[in-house]
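Scroll down for the structure; my scribbles are underneath it.
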Amino acid sequence: VYGAVMNINRGNPFQKEVVLDSWPDFKAIITRRQKEAATDNLDHYTNAYAVFYKDVNAYRQLLEEHGAINWDQVFQIQ
Numbered sequence: 001v002y003g004a005v006m007n008i009n010r011g012n013p014f015q016k017e018v019v020l021d022s023w024p025d026f027k028a029i030i031t032r033r034q035k036e037a038a039t040d041n042l043d044h045y046t047n048a049y050a051v052f053y054k055d056v057n058a059y060r061q062l063l064e065e066h067g068a069i070n071w072d073q074v075f076q077i078q
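In structure tokens form, the structure reads like this:
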């Protein structure tokens, strides 16, 4: 997650974005490819998500309610 945020601050060459459950006191964070970026739904390398959470319930809610994951893609969670 730190590496994704660092790359975003340095011009965002990998076209990533960050999704949080709340700010500034977040309990769950997901980095993902920007929805505007061209993607291949079958490429699990470019469709990788990085996740950090302090509260599993906040993470579960982020996955279920906020559309943070594109469930139509083949992907990996790191």
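Under the UniProt record's numbering, the first residue of the sequence shown carries the number 1, and numbering increases by one thereafter. A virtual CB, placed ideally from N, CA and C, is assigned to each residue, including glycine.
Asked, Found
"Selection from 26, 33, 68 that minimises the alpha carbon distance to residue 8", "33"
"Minimum length 3: unbroken beta strand (DSSP E) runs contained in the UniProt domain \"Glycine N-acyltransferase N-terminal\" (1-78)", "16-20, 28-33, 48-53"
"Under 7 Å between C-beta atoms of residue 62 and residue 25", "no"
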